[in-house]
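Asker:
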Amino acid sequence: MSSKTYYSISDKHARINFIDALVLCETWLKNNEKFNTHKIKNYNCHYINRQSGKKGGGLIVYVHKKYLSIKVDSGIFDCIEYLLVKTICKAENEYNILAIYKPPSAHHKEFLAKFEEILTANIGISNLWMCGDVNINVRDLNHESTKAYMDLLSSFNLQIMNNAVTRSNPINKDNGSIIDHCLNYTFSKEFIAITSTKIQSISDHNFVLTLNIVDSKCNTSNKVILNKLNENQAIKQINFYLSSLNSNTHYPELNMSSHFDLIHNIFTSAITSNTKKVVVKLPKNEICTPLWANCHYKEMLKTLHNLGDKIERLKRLSKPHDFLSEKYKKLDEIRHNYGIIISKKYYLNLILKNRKHTWKIINDLTGRSKDKQAISIKTDDGSLLTKNHDIANAFQQKFLMVVGASNSFLNYDRTYGSTLSPDVSFEFCPISKTDMILAINSLKENKSSGFDNINATLIKCTCNNSTAHLTAIFNKIIAEGAYPIQLKLSLVVPIFKKGNNMLTDNYRPISLLSEFDKIFESIMFDQLISFLTSNKLLDVTQFGFIERKGCHDAICLLLHTISFHAEKGKSVLLISFDISKAFDSVNITILIRKLQTLGLSDKALKLMESFLFNRTQKVLFNGAYSESGEIFRGVPQGAKLGPLMFNLMVNDLSNLETNSQLIKYADDLIMILPLKIHPEKEMQNDVNQLRHDLGLLNNYYAKNDLKLNCAKSKALIVGKYNNSLLLEFLHSSGIEVCEEIKYLGFNIDKDLKLLSQIDSIAHHLNQGIAALRHMRDNTNMQSMLLFYHAHIQSHLMYSSFALLRCRSIDISRLQILQNAALKIIFDIPRSYHTIDLFIKYAVPKRIMSVIGCIYYSAILMVKRIVDCTDGSLPTINKSHSTRTSNVNLTSAKSKLLKHDVVNSGCALYNQIPLKLKLPSCNINDFRAELKLFILQNTNSLLKPNQFSVRNFTL
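Residue numbers (UniProt numbering): 1 to 954.
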C-alpha cells in the first residue's frame, strides 16, 4: 500500500521562478464553447469570449493561485476589447493587469477615444500595467496612427517594456504590426515581462508572461513541504496496540465514552506518529518556461527561440519570402507540438481510469466544472474578505444562520401522525461481531475522511482487531441511550453551486463525518429501516433515498398519472414546489415527536435525541478552519441516517385529504391536479380545489416549521385548457406558470411531446461531440470510450422509457448525433454506414443505439412495475399463462396512454425471452441479460422507419 498525502502546506513555500501572470489576446474561444480547454494548472483564469460570428477577439488573463485575483471590469466593443484584473500579493501589495485588443478593422480614432476613456477610469489604480494587441506598428514613429497612439501613452505616463515586444508579424512580410507588447504605468523595475510560446488550440498569439520580482524575493525557497502518511506503518502500529489491548480488556466494566476515546486515540496517534514532513525539490527551469513544461517541452522552447533568431538574421540578409516561409512552417509545427504535450498530460487520468480525476476532466470538457471556488468573499456589508480563516468564519456564520437560533418547542398536531397498535414498538437491538464487520466493509474508500483524518482504509485493514471493541462500544451506546459526543462534530466544506462565486449564498454546505460515525449510523439505519418497511410505515409516494426506488420511478408515475387523466378527457395542472433549505431547517423537536408516533420506544427515542441534539460543526476552507459552532436545526448529512430522518419528517404528508396527487422525492414535491373542461360559470370549481390543496400544504409546512417557497415554485398545465380565473389565482399566489417545467432533471412540456427533453439530450450530446473532437488527436480510443459512456450514453439512458411517445424525427435527430460521436471515437469517415458500425462495435464495446436505449429503459421499467408490491407504481395485470409469463396491455384510446409504459413498454416486455421473465430472475441479473439481448439485436433496431411504425418490435 502506497503512502498517502492528506494535506499540503506548499502554498506557504512558493518557488522563486514562478511565473506570476500570463496574458493572451485574440483567443479562439467562442461563446458556445462550454468545455474549458483554456485552463492551466495552478492558475486562476479570467477571460472574456469573442463575440458570436467574429473570427478574432477574446482575452484571457491567468494569475498564479499564490495570489488573490479578482476580475474588476471588462468590455467588448467594435473598436476595442479590454479586461481588468486586480492581483493582491502575499505582502499585501497589489498590481493590476489590463489586457487590451484592437481588431484590425477597427477605426483608429474610435479606438483611441475608447482607450483614453478606459485609461481615465482606471489610471488612478496603483501598479497598473497593460499588454495586448493593438495592431499598431510602434516602431514606425513617423506614421500618423502610431504617433497619435504614442502621444496618448505619454499623456498617461505609460511606457513600452522593450523586453516584451515580439517580432514583426510573420504572416505577411509587408505587415509591420507589433503584437503582444506590454505597457507599464510609471515604469517600475519591480516587474519584468517576456513572451513565450502559444498553445495552438487556444490562440495564434504568444503568451505574455510576467514575474513580480519583489514578491518572489521574499520566497527564497525552491522546495515544497508535504505532510505524508505512511499507511502501511500506521496499520501495523494500530494492529499492534489493538491486539495487546484485546487480551487485557473486560468489556462490561468499561465506560462507553472512555472506551471510545481509547480506540479513537490509538488511530489518531498512529496517524500523527507516522506522518512525516517530506521536502520535495522542485525542478530548476528558466523564468520564461511555463510551469507545466517537461524536458521535451523545454528543448522545443529552446529550438523555437533559436529558430526565431535565425529567421531574423535571414531577414536582415534580405532572403526571399518563399525561403523564409519554410522556417515559419517549422516554427508553427513546434508550437503545435506544445499543445499536444499539454493535452496528453491533461487526458492521462482518463486513460488510467482514475474515477475522481476522470469526472473532473469530463466536467471540465462539458462545462459542468465545479472548480470555481472563489479565493475572496464579499460580506453582506460589501467588504472583501481575503484571508482563509476569515472566509471560513463567514461561511460558518452563513450556514448557522440558515438553521436558526434554537429548536423552539412548537405545538404539534397529532392528527397528522401515523397510529400504531400498542404492541408494535421499535427498539435498537444489540449487534454481533458479524454485523459490525459488514458495516465496516460497507465503507467507501474513495470518500473524504472527517475531522480526525481517519480514513476507511485504516479501519478496514485493522478490522480483525477493532471489531470486538467497536461492537462493545455500540452495544453500550444502545444500552445507555447516549451517542458519543466525539462523533457529533462535522467538518463542513462549502461547494460552489452557480452564480457569483464571491457570495456565500451561492455555496452548498457538504458535511464530512468521521468514519466511526458512518459505521454506527449504518447499523442504526439498517435496524430502523427494517422496522419501518416490515410494518409498512413509509409513504409509498416517497421515492428519494429509498432502496430500490429512484428518479425513474417518480418520473414513470408522474407521466402515467398525466396519461391516465388524459384518457378520461381531463387536463392536468402540475406544480413543482420548492422547500427552502429543507435538510438544514428540520426542527428536531418536531422530528422526535414524529418518531414517537411511528412507534419508537422511550429507549430508542432517548438514543435518537442524543444523536440529533448538541451537534457542532467547523467549516474548512482552503486549509483554514472556522470557529466551532453548535447546530440547532437540521439532520446530519453525509451518511445514511440523515436523509431517512428527513423522509420521516414529511412521511405523513400523504395523509392530507387533497384533491390532487402528491409525488415526493426527498424535498422535491410535485402536485398533480386533474382539471375538467367546465362551462365558464363552473370554472371557479378548479380554483376552489386548488385553493383548498394549497391551504392544506401551507398549513402543513407551517405546523412542521418548514418553509414552502412559492416564489421558486413552477406550474404547468398539460392539455387544452383555458381558465383565466385559475391563472389569476396562480399569479396571486406567487406561482409562475411556465410552458415547461423540469422535475428531477426531466423536462415536461404542455403537450407532453417531450421536445424540450429531446433538446436537452441533444445539447448534452453536442457538448460531448465537441469534447471528443478536442480529445481525438491527444488521447486513445479507450479514454474516449470512457468519456462516451460517462457523458453521452448516460444521457440517452436516463428515463428514456418516456421517449416512447416521441416522434420518429426526434429520435432520428438523437441517432444522428450518436453516430457522429462514434465516428469520432473510432476514427472512421462520415460515409461509413451506421449499421456496419453498430454490428462491429455494439457487443464488444457495449454501445447501444438510441432506440436500444429507449427499449432497454422501457422493458426495465416494466420489470420494476411487475416486481413492485407496495402499490407505488402503476398497475400492470399479469397474464394467467405460465407458459409465456407475459403481461396484459392496458386498454387505451388516447395517444398519451397508448404510448405509456403500461402499453408500449408492456408490448416490448412480452417480446423478450421467457427466461428473463421468470419470477426467479432478480433485477440485477435481469438488467445484465437484457442489456446483452438488446445489444445482440442492435441490427434489427436500425431498420428504416423503425420507430415511426409505432409497433415497437424487437
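Don't be surprised by glycine CBs; every beta carbon is placed ideally from N, CA and C.
Assign residue 789 to one of two classes, buried (16 or more other C-beta atoms within 10 Å of its C-beta) or exposed (fewer than that).
Answerer: Numbered from its first residue, the sequence shown carries residue 789 at position 789. Exposed is the call here.
Asker: On a CA-only basis, which of 503, 473, 429, 460 is nearest residue 383? Give me that one, please.
Answerer: Mapped onto the sequence shown, residue 383 falls at position 383. Closest by alpha carbon: 503.
Asker: In terms of residues, what are the limits of the beta strand (DSSP E) holding residue 238?
Answerer: Translated into positions along the sequence shown, residue 238 becomes position 238. Looking at the DSSP string, residue 238 is not in any beta strand (DSSP E); the run it does join, the alpha helix (DSSP H), is 231 to 246.
Asker: I think residue 386 touches residue 68, with their Cβ atoms under 8 Å apart; what is that distance to the nearest whole Å?
Answerer: Locating residue 386 in the sequence shown gives position 386, counting from the first residue. Locating residue 68 in the sequence shown gives position 68, counting from the first residue. Residue 386 to residue 68, Cβ: 5 Å. Contact.
Asker: Helix, strand or coil for residue 617 per DSSP?
Answerer: In the sequence shown, the residue the question calls residue 617 occupies position 617. Correct three-state label for residue 617: strand.
Asker: Along the chain, which unbroken stretches of the alpha helix (DSSP H) at least 4 residues long are found entirely within the stretch 434 to 492?
Answerer: Fully enclosed alpha helix (DSSP H) runs of no fewer than 4 residues occupy 456 to 461, 463 to 480 of the stretch 434 to 492, in order along the chain.
Asker: Considering only their Cβ atoms, is the gap separating residue 81 from residue 112 smaller than 8 Å?
Answerer: Residue numbering aside, residue 112 sits at position 112 when the sequence shown is read from its first letter. Residue numbering aside, residue 81 sits at position 81 when the sequence shown is read from its first letter. Their beta carbons are not under 8 Å apart, which means residue 112 does not touch residue 81 by this criterion.
Asker: Rounded to a whole number of angstroms, what is the C-alpha to C-alpha distance between residue 581 and residue 843?
Answerer: On the sequence shown, position 581 is the one that residue 581 refers to. On the sequence shown, position 843 is the one that residue 843 refers to. Cα to Cα, the separation comes out at about 45 Å.
Asker: Do residue 574 and residue 669 count as a contact pair if the criterion is CB distance below 8 Å?
Answerer: Taking the first residue of the sequence shown as 1, we reach residue 669 at position 669. Taking the first residue of the sequence shown as 1, we reach residue 574 at position 574. Contact: no.
Asker: Is the beta carbon of residue 271 closer than 8 Å to that of residue 76?
Answerer: Reading the sequence shown from its first residue, position 76 is the one you call residue 76. Reading the sequence shown from its first residue, position 271 is the one you call residue 271. No, these two residues do not count as a Cβ contact at 8 Å.
Asker: Nearest to residue 398 by alpha carbon, out of 919, 437, 506?
Answerer: The residue given as residue 398 occupies position 398 in the sequence shown. Among 919, 437, 506, the Cα nearest to that of residue 398 belongs to 506.
Asker: Please specify which runs of the alpha helix (DSSP H), each continuous and at least 4 residues long, are wholly inside the stretch 836 to 892, giving them in chain order.
Answerer: 850 to 867
Asker: Can you pull the DSSP bridge partners for residue 629?
Answerer: To locate residue 629, count along the sequence shown from 1; it is residue 629. Its beta-bridge partners are 617.
Asker: Are the Cβ atoms of residue 230 and residue 274 separated by less than 8 Å?
Answerer: Within the sequence shown, residue 230 is the residue found at index 230, counting from 1. Within the sequence shown, residue 274 is the residue found at index 274, counting from 1. Contact flag set, yes.
Asker: Tell me the DSSP secondary structure of residue 64 in three-state form.
Answerer: Taking the sequence shown and counting its residues from 1, one reaches residue 64 at position 64. Looking at residue 64 - three-state DSSP - the assignment turns out to be strand.
Asker: Residues in the same chain with beta-carbon distance under 7 Å from residue 956, minus the five sequence neighbours each way, listed in chain order, please.
Answerer: Nothing can be reported for residue 956, as the shown portion of the chain is limited to 1 through 954.
Asker: Starting from residue 145, trace the alpha helix (DSSP H) in both directions and tell me its first and last residue.
Answerer: Translated into the one-based positions of the sequence shown, residue 145 becomes position 145. Run containing residue 145: 144 to 155, per the alpha helix (DSSP H) assignment.
Asker: I'd like the span of the beta strand (DSSP E) that includes residue 517, first residue to last.
Answerer: The residue you call residue 517 lines up with position 517 of the sequence shown. Unbroken run through residue 517 is the alpha helix (DSSP H), 515 to 534; no beta strand (DSSP E).
Asker: How far does the alpha helix (DSSP H) with residue 688 in it reach, from first residue to last?
Answerer: Your numbering for residue 688 matches position 688 in the sequence shown. Where residue 688 is concerned, the enclosing alpha helix (DSSP H) stretches over 684 to 703.
Asker: Under a three-way DSSP split, which group does residue 759 fall into?
Answerer: As a working mapping, residue 759 is identified with position 759 in the sequence shown. Note: residue 759 maps to helix in three-state DSSP.
Asker: Between residue 136 and chain D, is the shortest Cβ-Cβ distance under 8 Å, so that the two count as touching?
Answerer: No chain D is part of this structure, which consists of one protein chain only.
Asker: Decide if residue 731 is buried, meaning its Cβ has at least 16 other Cβ atoms within 10 Å, or exposed.
Answerer: Reading the sequence shown from its first residue, position 731 is the one you call residue 731. It is exposed - the Cβ of residue 731 has fewer than 16 other Cβ atoms within 10 Å.
Asker: Should residue 704 and residue 633 be called a contact, given that it needs their Cβ atoms to be closer than 8 Å?
Answerer: As a working mapping, residue 704 is identified with position 704 in the sequence shown. As a working mapping, residue 633 is identified with position 633 in the sequence shown. Not in contact: residue 704 and residue 633 (Cβ atoms no closer than 8 Å).
Asker: Taking the CB atoms as reference points, tell me whether residue 903 and residue 887 lie closer together than 8 Å.
Answerer: Taking the sequence shown and counting its residues from 1, the one referred to as residue 903 is at position 903. Taking the sequence shown and counting its residues from 1, the one referred to as residue 887 is at position 887. Taking 8 Å as the Cβ cut-off, residue 903 and residue 887 do not qualify as a contacting pair.
Asker: How far does the alpha helix (DSSP H) with residue 77 in it extend, from its first residue to its last?
Answerer: Taking the first residue of the sequence shown as 1, we reach residue 77 at position 77. Careful: residue 77 lies outside any alpha helix (DSSP H) and carries neither H nor E.
Asker: Starting from residue 899, trace the alpha helix (DSSP H) both ways and give me its first and last residue.
Answerer: By 1-based counting over the sequence shown, the position of residue 899 is 899. Counting along the chain, residue 899 falls outside any alpha helix (DSSP H), and DSSP gives it neither H nor E.
Asker: Three-state secondary structure (DSSP) at residue 674?
Answerer: Taking the sequence shown and counting its residues from 1, one reaches residue 674 at position 674. The three-state secondary structure of residue 674, taken from DSSP, is strand.
Asker: How about residue 129 and residue 97: do their beta carbons lie closer than 8 Å?
Answerer: Translated into the one-based positions of the sequence shown, residue 129 becomes position 129. Translated into the one-based positions of the sequence shown, residue 97 becomes position 97. In contact: residue 129 and residue 97 (Cβ atoms closer than 8 Å).
Asker: For residue 998, does the three-state DSSP call read helix, strand or coil?
Answerer: This structure leaves residue 998 out entirely; the chain is present only between 1 and 954.
Asker: For residue 878 versus residue 866, is the C-beta distance shorter than 8 Å?
Answerer: Stepping through the sequence shown from its first residue, residue 878 is reached at position 878. Stepping through the sequence shown from its first residue, residue 866 is reached at position 866. Yes; because the gap between Cβ atoms is below 8 Å, this pair is in contact.
Asker: Check this for me: beta carbons of residue 652 and residue 579, under 8 Å apart or not?
Answerer: Here residue 652 corresponds to residue number 652 of the sequence shown, with the count starting at 1. Here residue 579 corresponds to residue number 579 of the sequence shown, with the count starting at 1. With contacts defined as CB atoms closer than 8 Å, residue 652 and residue 579 fail to qualify as a contacting pair.
Asker: With distances taken between CB atoms, is the gap from residue 766 to residue 725 smaller than 8 Å?
Answerer: The count along the sequence shown starts at 1 and reaches residue 766 at position 766. The count along the sequence shown starts at 1 and reaches residue 725 at position 725. For residue 766 and residue 725, no; Cβs fall outside 8 Å.
Asker: What does the Cβ neighbour count give for residue 615, buried or exposed, with the cut at 16 atoms within 10 Å?
Answerer: Looking up residue 615 in the sequence shown gives position 615. Buried.
Asker: Tell me which residues share the same chain as residue 800 and place their Cβ nearer than 7 Å to its Cβ, disregarding the 5 neighbours each side in the sequence.
Answerer: Numbered from 1 along the sequence shown, position 800 holds the residue referred to as residue 800. The answer, listed in chain order, is 853, 854, 857.
Asker: Sorted by chain position, which residues of the same chain lie with C-beta nearer than 7 Å to residue 734's C-beta, five sequence neighbours on each side aside?
Answerer: Along the sequence shown, read from residue 1 onward, the residue named residue 734 stands at position 734. The residues are 710, 711.
Asker: I need the straight-line Cα distance from residue 459 to residue 603, nearest angstrom please.
Answerer: Reading the sequence shown from its first residue, position 459 is the one you call residue 459. Reading the sequence shown from its first residue, position 603 is the one you call residue 603. If you take the alpha carbons of residue 459 and residue 603, they lie about 29 Å apart.
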